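Engineer: Chains as they are written, first to last, in the working numbering: chain V, 1 to 115; chain E, 1001 to 1508.
The beta-carbon is built from N, C-alpha and C at its ideal position, and this holds for glycine as well.
As the structure is a prediction and not an experimental result, all values here were calculated from the model.
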């Protein structure tokens, strides 16, 4: 009974369940239609936004990371203008500095280059 | 009986300590605030504030999380009734009759009834908790690792199958959750598992990162640019919230029935709150003399489901705290927070940590009372908050998520985890795999494995131990029945090509 026992059991269950899902007709398939058409811009921007926070948190510091992440995320929505996104990003930078950096002593320097 | 009351008194002493009270109030307030924001359910809210609890000692942490939970439930009802926006699936039913009432100008009354029903149901749930939990304590010492792993298996199975959507997909997601739980250093042998050389994964996947990924980021990924018509919320003033005598009379018995349904479902591990509210609603429609009024603003259709949701929430704490089996993903998060704090939920919890258990119960009452007091004057502000457009909301939320996850371990690596789980979660959700069982499996998985392996040591590797010990044999029997029932229901569906009545209702 080693460390691999449970993972093997889980893997077996997943294979069986996966096969069952693929082969059996689905209960709800009839009543639903997959609603789509949302484009790539939103999801792409959101993913990039999260990743950019991690990247610029390391190369740039809290202010850079917050600004870039919020700005990119905001640009994902069709209804946000460039100006709205900038404004929102600036507001969030202020929140980040006042609440998280000074208030809660978050352990990221405001500006940095690598750690 | 007297003992329970004495314990409760002791609990109030704990909950009213300034430090504990402060965190509890903070949790209720924040939960209510974020719960009102469109698209923010209790899951996202608790996940976002989970990192904050890492810095606090266990009792205030759990009081705060519980406060966030029922606070956001209150908040969610506001969005459901006034804007037809269910931020949390159980509120989907509330929309059915709540929003038509708003259109008729009675939205305030609907909110008033919701608050009354919630407070009543929560109180009943708390009383049940006070008197039932000590009973569980007496059977608790009969629970060894064998029984605990059996009941965890039951909880996982129930959580995976008794929810909306395909039971098979639920099982798949639960299994995946347990699998994610195995990532990290194996506690018994010290062998790293599935870390792929990342030292950061040695401690395993972070609960906050996982839940924020699948409940936060994944949700944003799917709802961005989904043109939701922002309706202008009606203004609700204080005096609008007073229901008429007629409305009050009509909602009294639905409130009782809803509470009863919630309490029954709450005692069953693994049944989510969504199914509870749907059953409560269906029952009201069935026994009503005028079922055609439902869906057009029948006050009974608000009182019953809201009462059932809140009763269920409270009663749900019994299996979560005493057996270590969360009823749904929110409870799983609370459980996870306890585990992070080094508190092992289970039969011994009441005896080992009476301050935590009774303090929590007392804080429920304080928190629920506080919500009533808060919501009445603040309703105008909540209505304004409801109008915050999604396009500004989600970028800010992403920032809070990133900072929150970073702060738990001061590690930027965890932000990559969020991004990964977010993307994976969004793909699963798009394919209509439920996300909640992942967290359920993730939290329970390591506990299950630990107990299972302990049971195997006790039995010298003999699997028969699970059926040779009476308690675990019964639980295993229930598991088999559950699976059999699912197969039977599926077989009947295939033969008739018609979904069962319940599924039909839930698709509405």
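Give, in chain order, every residue of the region 1413-1425 of chain E whose Cβ lies closer than 9 Å to some Cβ of chain V.
Structural biologist: If the cut-off is 9 Å between Cβ atoms, the region 1413-1425 of chain E has 1413, 1414, 1415, 1416, 1418, 1419, 1422 and 1423 near chain V.
Engineer: Would you please state the rounded distance, in angstroms, between the beta carbons of residue 127/V and residue 65/V? I believe it to be under 8 Å.
Structural biologist: Outside the modelled stretch of chain V, which goes from 1 to 115, sits residue 127/V, for which no answer is possible.
Engineer: Just how far apart, CA to CA, sit residue 23/V and residue 1167/E?
Structural biologist: In a straight line, the C-alpha of residue 23/V is about 15 Å away from that of residue 1167/E.
Engineer: Can you tell me the Cα-Cα spacing of residue 1479/E and residue 1157/E, whole angstroms?
Structural biologist: Roughly 7 Å separates the two Cα atoms.
Engineer: In its own chain, which residues sit with a C-beta less than 8 Å from the C-beta of residue 109/V, not counting the 5 before and 5 after it?
Structural biologist: Around residue 109/V: 61 and 62.
Engineer: What residues of chain E sit near residue 109/V, judged by a beta carbon separation below 9 Å?
Structural biologist: Near residue 109/V there are no residues of chain E at all, since even the closest Cβ is about 12 Å away, more than 9 Å.
Engineer: Kindly indicate if chain E contains any beta-carbon less than 8 Å away from that of residue 64/V.
Structural biologist: So no, residue 64/V is outside the interface.
Engineer: So what does DSSP say about residue 1425/E, is it helix, strand or coil?
Structural biologist: Helix.
Engineer: What is the DSSP secondary structure of residue 1090/E, counted as helix, strand or coil?
Structural biologist: Of the three classes helix, strand and coil, the one that applies to residue 1090/E here is helix, per DSSP.
Engineer: Under 8 Å between the Cβ atoms of residue 72/V and residue 101/V?
Structural biologist: Contact flag unset, no.
Engineer: How would you label residue 1462/E, buried or exposed, when you count the other beta carbons within 10 angstroms and need 16 or more for buried?
Structural biologist: By the 10 Å Cβ count, residue 1462/E comes out exposed.
Engineer: Straight-line CA distance for residue 1507/E to residue 1355/E?
Structural biologist: Caution applies to residue 1507/E, whose pLDDT of 47 falls short of 50 and renders its modelled position unreliable; the value that the coordinates give is listed next. Spanning the two alpha carbons is a distance of roughly 43 Å.
Engineer: Since residue 1350/E and residue 1118/E should fall inside the 8 Å C-beta cutoff, what is the C-beta to C-beta distance between them, to a whole number of angstroms?
Structural biologist: Going by Cβ atoms, the distance from residue 1350/E to residue 1118/E rounds to 26 Å, so no, they are not a contact pair.
Engineer: Excluding sequence positions up to five away, which residues of its chain have a Cβ less than 7 Å from the Cβ of residue 1317/E?
Structural biologist: These residues qualify, in order along the chain: 1129.
Engineer: Taking residue 1372/E as the reference, give the member of 1256/E, 1032/E and 1493/E with the closest Cα.
Structural biologist: Nearest C-alpha to residue 1372/E: 1032/E.
Engineer: Determine, using beta carbons only, whether residue 1363/E and residue 1024/E come nearer to each other than 8 Å.
Structural biologist: Going by C-beta atoms, residue 1363/E is nearer than 8 Å to residue 1024/E.
Engineer: Spell out whether any CB of chain E is found under 8 Å from the CB atom of residue 50/V.
Structural biologist: Answer yes: the Cβ-Cβ gap between residue 50/V and chain E drops below 8 Å somewhere.
Engineer: Tell me whether residue 1084/E, by its Cβ, gets closer than 7 Å to a heavy atom of the ligand ZN.
Structural biologist: Absence of the ligand ZN from the depicted structure is noted, as is the absence of any ligand whatsoever, leaving it without description.
Engineer: State the CB to CB distance for the pair residue 1324/E and residue 1346/E, rounded to an integer number of angstroms; the pair is presumed to be in contact (CB under 8 Å).
Structural biologist: Their Cβ separation, rounded to whole angstroms, is 4 Å, which keeps residue 1324/E and residue 1346/E in contact under 8 Å.
Engineer: Name the one or two DSSP bridge partners that residue 1184/E has.
Structural biologist: Residue 1184/E is bridged to 1193/E.
Engineer: Taking Cβ to Cβ, would you say residue 1333/E is nearer than 8 Å to residue 1407/E?
Structural biologist: Taking 8 Å as the Cβ cut-off, residue 1333/E and residue 1407/E do not qualify as a contacting pair.
Engineer: What are the residues of the region 1205-1217 of chain E that lie near chain V, defined by any Cβ-Cβ distance shorter than 7 Å?
Structural biologist: Correct list: 1217.
Engineer: How would you list, in chain order, the residues of chain E whose beta-carbon sits under 7 Å from the beta-carbon of residue 53/V?
Structural biologist: Under the 7 Å cutoff, chain E gives 1402 and 1415.
Engineer: Can you pull the chain V neighbours of residue 1178/E, defined as C-beta to C-beta under 8 Å?
Structural biologist: Within chain V, the residues near residue 1178/E are 6 and 10.
Engineer: Considering residue 1200/E, what are the terminal residues of the alpha helix (DSSP H) in which it resides?
Structural biologist: Element bounds for residue 1200/E: n/a, residue is neither H nor E.
Engineer: Between residue 105/V and residue 1070/E, what straight-line distance do the alpha-carbon atoms span, to the nearest angstrom?
Structural biologist: The alpha-carbon atoms of residue 105/V and residue 1070/E are separated by roughly 29 Å.
Engineer: Got a sec: is the Cβ-Cβ distance from residue 1019/E to anything in chain V below 8 Å?
Structural biologist: It does not: the Cβ of residue 1019/E has no partner Cβ on chain V nearer than 8 Å.
Engineer: Verify the CB distance criterion: does residue 18/V have a CB-CB separation below 8 Å to chain E?
Structural biologist: Yes, residue 18/V lies at the interface with chain E (some Cβ there is under 8 Å from its Cβ).
Engineer: What separation, rounded to the nearest whole angstrom, lies between the Cα atoms of residue 1201/E and residue 1248/E?
Structural biologist: When rounded, the distance between both Cα atoms is 55 Å.
Engineer: Nearest by alpha-carbon distance to residue 1416/E: which of 54/V, 92/V, 113/V and 70/V is it?
Structural biologist: The shortest C-alpha separation from residue 1416/E is found at 54/V.
Engineer: Alpha carbon to alpha carbon, what distance is there between residue 1171/E and residue 12/V?
Structural biologist: Distance between the alpha carbons of residue 12/V and residue 1171/E: 13 Å.
Engineer: So, at 8 Å on beta carbons, what are the nonlocal neighbours of residue 1064/E in its own chain, with the 5 sequence-adjacent residues on each side left out?
Structural biologist: Closer than 8 Å at Cβ, skipping near neighbours: 1023, 1024, 1026, 1027, 1049, 1052, 1053 and 1056.
Engineer: Does the separation of the CB atoms of residue 1111/E and residue 1081/E fall below 8 Å?
Structural biologist: In this structure, residue 1081/E lies closer than 8 Å to residue 1111/E by Cβ.
Engineer: Whose Cβ in chain E lies nearer than 8 Å to the Cβ of residue 92/V?
Structural biologist: In chain order: 1395, 1396 and 1399.
Engineer: For chain E, check one thing: does any of its Cβ atoms lie closer than 8 Å to the Cβ of residue 70/V?
Structural biologist: Interface residue, yes.
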